[in-house]
Amino acid sequence: MTAFKSLTQAGVKGFVRDKATLFFSIVFPLMFLVVFGLIFGNSGTNKTKLGVVGDGPVVQALNQTGVVDFQHYGSLDEAVQHVKDGDVPAMIAESGGTVTLRFAASDQTQAGVVQGLVSGVTDKVNLAATHQKPVVNLDSSQVEDSSLNAIQYLTPGILSWSVATSAVFGAALTLVSWRRKQVLRRLRLAPINPAVVLTSRLTVAVTLAVVQAAMFVGIASLPVFGLKLSGTWYLGIPVFLLGILAFFSIGMLVGSFAKTEEAGTAAANIVVLPMAFLSGTFFPLDSAPSWLKTVSNVLPLRHMNDGLTDFLVRGKDASALLVPCAVLLGFMLVVGFIASRVFRWEDA
Amino acid sequence: MTQHPDRAEAAIVVDGIRKSYGDLKAVDGVSFTVSEGEFFGILGPNGAGKTTTLEIVEGLRKPDSGTVTLLGESPWPRKVSMLPRIGVQLQASAFFDKLTAREQLETFASLYGIGAKTAGEYLELVGLTDKADTREDKLSGGQRQRLSIACALVHDPDIVFLDEPTAALDPQARRNLWDVLRAIQARGKTIVYTTHYLDEAEILCDRVAIMDKGRILAMDPPATLVRGLDAPTRIILERGALGLEEAQGITGADDVTEDELSLTFTTRKPAPVLSALAEKGSLDGLQVRTATLEDVFLSLTGREYRA
Ligand SMILES: Nc1ncnc2c1ncn2[C@@H]1O[C@H](COP(=O)(O)OP(=O)(O)OP(=O)(O)O)[C@@H](O)[C@H]1O
Ligand SMILES: [Mg+2]
Numbered sequence: 001m002t003a004f005k006s007l008t009q010a011g012v013k014g015f016v017r018d019k020a021t022l023f024f025s026i027v028f029p030l031m032f033l034v035v036f037g038l039i040f041g042n043s044g045t046n047k048t049k050l051g052v053v054g055d056g057p058v059v060q061a062l063n064q065t066g067v068v069d070f071q072h073y074g075s076l077d078e079a080v081q082h083v084k085d086g087d088v089p090a091m092i093a094e095s096g097g098t099v100t101l102r103f104a105a106s107d108q109t110q111a112g113v114v115q116g117l118v119s120g121v122t123d124k125v126n127l128a129a130t131h132q133k134p135v136v137n138l139d140s141s142q143v144e145d146s147s148l149n150a151i152q153y154l155t156p157g158i159l160s161w162s163v164a165t166s167a168v169f170g171a172a173l174t175l176v177s178w179r180r181k182q183v184l185r186r187l188r189l190a191p192i193n194p195a196v197v198l199t200s201r202l203t204v205a206v207t208l209a210v211v212q213a214a215m216f217v218g219i220a221s222l223p224v225f226g227l228k229l230s231g232t233w234y235l236g237i238p239v240f241l242l243g244i245l246a247f248f249s250i251g252m253l254v255g256s257f258a259k260t261e262e263a264g265t266a267a268a269n270i271v272v273l274p275m276a277f278l279s280g281t282f283f284p285l286d287s288a289p290s291w292l293k294t295v296s297n298v299l300p301l302r303h304m305n306d307g308l309t310d311f312l313v314r315g316k317d318a319s320a321l322l323v324p325c326a327v328l329l330g331f332m333l334v335v336g337f338i339a340s341r342v343f344r345w346e347d348a
Numbered sequence: 001m002t003q004h005p006d007r008a009e010a011a012i013v014v015d016g017i018r019k020s021y022g023d024l025k026a027v028d029g030v031s032f033t034v035s036e037g038e039f040f041g042i043l044g045p046n047g048a049g050k051t052t053t054l055e056i057v058e059g060l061r062k063p064d065s066g067t068v069t070l071l072g073e074s075p076w077p078r079k080v081s082m083l084p085r086i087g088v089q090l091q092a093s094a095f096f097d098k099l100t101a102r103e104q105l106e107t108f109a110s111l112y113g114i115g116a117k118t119a120g121e122y123l124e125l126v127g128l129t130d131k132a133d134t135r136e137d138k139l140s141g142g143q144r145q146r147l148s149i150a151c152a153l154v155h156d157p158d159i160v161f162l163d164e165p166t167a168a169l170d171p172q173a174r175r176n177l178w179d180v181l182r183a184i185q186a187r188g189k190t191i192v193y194t195t196h197y198l199d200e201a202e203i204l205c206d207r208v209a210i211m212d213k214g215r216i217l218a219m220d221p222p223a224t225l226v227r228g229l230d231a232p233t234r235i236i237l238e239r240g241a242l243g244l245e246e247a248q249g250i251t252g253a254d255d256v257t258e259d260e261l262s263l264t265f266t267t268r269k270p271a272p273v274l275s276a277l278a279e280k281g282s283l284d285g286l287q288v289r290t291a292t293l294e295d296v297f298l299s300l301t302g303r304e305y306r307a
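The listed protein sequences correspond, in order, to chains A and B. Just so we're aligned: the first sequence equals residues 1 to 348 in UniProt numbering. Just so we're aligned: the second sequence equals residues 1 to 307 in UniProt numbering.
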């Protein structure tokens with residue numbers, strides 16, 4: 001077995017067998033995702049409830065808009081009663097060529113929304129039935145973050161945060177503990193290139209991050225949370241990898257200074273936690289004050305977060321790769337260079 | 001120094017190395033040469049500077065001044081090409097987190113391009129086969145020590161550095177290790193080791209250096225050191241085996257002392273004293289102690305040897 005392979009294997013085994021680290025790097029962030037996902041689950045979805053009786057082309061078309069939440073009822077009378085009781089703002093019944101819409105005028109906004117929606121859809125169905133080309137084509141799509149379902153920004157955010165945390169802690173604590181336990185000196189005495197040791201640790205970090213990402217996306221895609229990956233999600237891969245590299249080098253820097261595991265943990269937290277709050281990990285930065293947005297622009301986590309959001313859920317094209325990749329690469333090079341300068345094989 | 005091997009066949013040449021930590025002179029002008037195939041011991045009390053000396057020779061530390069030549073080259077800065085030829089057991093064992101004994105050894109072996117099969121053999125050599133699947137943190141102190149030694153030997157180095165390899169070992173394991181080390185030496189390898197056990201150094205080493213406070217006080221084959229001391233032999237009996245006055249009357253006894261447990265003769269002519277005692281039939285609890293490295297240490301430093 002090559003030195004690289006066996007060191008990587010040793011790293012993975014050491015990690016997997018350490019229950020506490022395993023918990024904090026995989027289960028703990030997932031708990032964040034689940035809790036936030038459940039709390040904010042519906043806040044971003046402004047779906048209008050609509051009572052429905054029967055079926056037909058208009059009901060179908062309404063369903064396809066994805067903005068209404070159907071409540072099926074057995075009869076027109078029953079549905080109207082629910083509207084009167086305020087359970088649903090409006091109801092629609094379709095049978096044959098007739099569509100009946102009843103709404104509660106007490107809720108004017110909702111009533112307006114439902115009326116507009118239903119009449120729009122009905123017009124469309126009518127037009128389609130005439131087999132004529134529409135005179136005006138409407139091209140509409142959403143542009144805002146706030147229109148993203150909560151899970152859509154939570155997943156890239158918490159994923160970036162947990163991957164960044166694991167990379168920083170993994171690099172820092174390995175370095176500190178290897179130095180303290182003399183493993184570094186022992187490695188120094190073996191005929192092995194330090195780059196091999198480094199890349200093997202990096203491989204462990206990437207492996208962990210990929211596992212984290214798979215679990216995150218897998219769980220977030222469950223129907224309860226409802227994550228929908230965009231078609232360009234794979235463009236997130238370079239952002240993801242560069243992010244790991246950038247945070248790994250931050251961890252190396254922390255590990256070069258810290259003398260004990262405790263100090264390393266504290267220092268890594270000081271680096272990562274504030275960054276998480278300033279980078280839109282747990283909430284979008286749309287409504288944050290503008291100075292905060294400016295500050296967050298210098299943080300690598302912000303760019304990893306934005307980059308992943310762009311590709312995982314916003315479906316941006318490759319041109320959006322430039323900024324996050326450049327920033328993360330820059331961080332990796334600068335911090336990595338400093339870390340290699342201050343690297344010590346042993347204390348004092 | 002009685003041996004002055006040619007530089008060509010010298011495995012290690014250390015010349016006037018010094019290392020200070022603040023005001024403390026941990027190593028204060030140490031010079032020695034170890035020839036190929038030699039078993040060289042460094043002895044001395046805690047803080048004497050043994051580990052520091054060893055680490056400078058291994059290339060782990062840079063001396064403040066002085067030079068080291070290891071296999072014809074300076075070990076500082078790190079020279080990857082010479083590393084496969086040296087094996088080092090550090091005083092504090094260095095292991096990867098959470099790996100079993102076998103995995104540790106296999107990982108270290110792989111750094112030298114050595115396969116798992118050889119690693120298994122070395123595990124057996126240090127008697128850890130039944131602990132192969134035990135994790136590093138669940139091994140006893142002596143087992144860790146043995147594993148650490150196996151890690152130093154697994155790539156069959158030409159020069160082996162062992163820092164107190166027998167420190168935590170039980171008597172059985174100590175003797176096993178002696179056999180292992182002798183076998184390695186028999187294959188022409190060079191061994192440099194530190195120990196607190198003077199008796200062990202006498203048995204194993206071709207030459208020992210006695211260190212104290214960063215300096216080498218004496219360096220010779222153990223027998224030469226002991227002989228050079230010209231120390232008297234001590235004959236010890238159980239107290240009450242003989243009256244003190246009667247004992248003092250025995251010819252050849254230079255000095256007789258008595259404490260709660262024993263009666264001790266100090267003599268330069270042990271033979272007549274022993275035969276006189278045998279005639280009297282009073283040999284209860286007999287022990288004969290000739291001078292040891294312990295006495296050498298005492299006479300060099302004026303202090304009891306307290307390891
Ligand atoms: N990194 C260090 N920083 C400061 N002082 C040190 C350092 N390493 C060793 N010393 C000091 O140098 C002296 C020699 O230490 P060294 O470890 O070489 O002794 P030793 O002979 O190996 O002792 P022992 O038998 O206890 O292993 C000691 O007084 C020790 O306190
Ligand atoms: Mg020591």
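C-beta: ideal position from N, C-alpha, C; glycine also. If you're wondering where the values come from, they're calculated on a predicted model, not measured in any experiment.
Report task. Flag Thr-166/B as yes when its Cβ comes closer than 6 Å to any non-hydrogen atom of ligand 2, and as no otherwise. Result -> no
Query raised in the report: Assuming Pro-163/B contacts Thr-52/B under a Cβ cut-off of 8 Å, what Cβ separation, rounded to an integer in Å, is found between them?
Result: The amino acid occupying residue 163/B in the given sequence is Asp; Pro does not appear at that position. Not confirmed; about 10 Å, so no contact.
Query - Inter-residue spacing [alpha-carbon to alpha-carbon] between Leu-217/B and Leu-83/B - result: 30 Å
Query raised in the report: What's the call for Ala-278/B, buried or exposed, on a 16-neighbour Cβ count within 10 Å?
Result: exposed
**Report entry** Residues of its chain near Asp-145/A, where Cβ-Cβ distance is below 7 Å and the 5 sequence neighbours each way are ignored
**Finding:** Per-residue confidence for Asp-145/A stands at a pLDDT of 44, beneath the threshold of 50, marking its modelled position as unreliable; no derived number is given.
Requested in this report: May I have all residues whose beta carbon comes closer than 6 Å to any heavy atom of ligand 3, sorted in chain order?
Outcome: Among the ligands modelled here, namely ligand 1 and ligand 2, ligand 3 does not occur.
Requested in this report: Could I get the ranges of all uninterrupted alpha helix (DSSP H) runs contained in the segment 70 to 157 of chain A, with 4 residues as the minimum, in chain order?
Outcome: 76 to 85, 108 to 130
Requested in this report: State yes or no: is the C-beta of Ala-48/B within less than 7 Å of the C-beta of Met-211/B?
Outcome: yes
Query - In DSSP terms, what Ser-262/B is bridged to - result: Glu-238/B
Query raised in the report: From Arg-215/B, Arg-182/B, Leu-99/B, Asp-64/B, pick the residue whose C-alpha is nearest to that of Lys-19/B; which is it?
Result: Asp-64/B
Query raised in the report: If we ignore side chains and look at the alpha-carbon of each, how far apart do Leu-281/B and Thr-292/B end up?
Result: Sequence check: residue 281/B is Gly here, not Leu. Using only the alpha carbons, I get a separation of about 28 Å.
Query raised in the report: Which residues in chain A sit within 7 Å of Glu-58/B, going by Cβ to Cβ distance?
Result: Leu-189
**Report entry** alpha helix (DSSP H) segment containing Val-224/A, residue limits
**Finding:** Unbroken run through Val-224/A: none, as it is neither H nor E.
Query raised in the report: Between the C-alpha atoms of Val-121/A and Gly-51/A, what's the straight-line distance to the nearest angstrom?
Result: 16 Å
Requested in this report: Let me know the secondary structure DSSP gives Ala-291/B once reduced to three states.
Outcome: coil
Query raised in the report: Under 7 Å between C-beta atoms, does Arg-201/A make it to chain B?
Result: no
Report task. Determine the contact status of Gly-251/A and Leu-328/A, defining contact as a CB-CB distance below 7 Å. Result -> no
Query raised in the report: Helix, strand or coil for Ile-250/B per DSSP?
Result: coil
Query raised in the report: In chain order, which alpha helix (DSSP H) runs of at least 4 residues are fully inside the segment 29 to 70 of chain A?
Result: 57 to 65
Query raised in the report: Is there a Cβ from chain A that is less than 7 Å from the Cβ of Asp-6/B?
Result: With a pLDDT of 48 at Asp-6/B, under the threshold of 50, the predicted position of this residue should be treated as unreliable, and no value is reported.
Query raised in the report: When burial is assigned at 16 or more other CB atoms within 10 Å of the CB, is Ala-267/A buried or exposed?
Result: buried
Query raised in the report: Could you check where the alpha helix (DSSP H) with Phe-108/B kicks off and where it finishes?
Result: 101 to 111
Report task. Would you kindly work out how many angstroms separate the C-alpha atoms of Val-88/B and Ala-152/B, rounded to a whole number? Result -> 5 Å
Report task. Give the DSSP-derived three-state secondary structure of Val-295/A in the structure shown. Result -> helix
Query raised in the report: List, in order along the chain, the chain A residues whose C-beta lies closer than 8 Å to that of Pro-84/B?
Result: Pro-191
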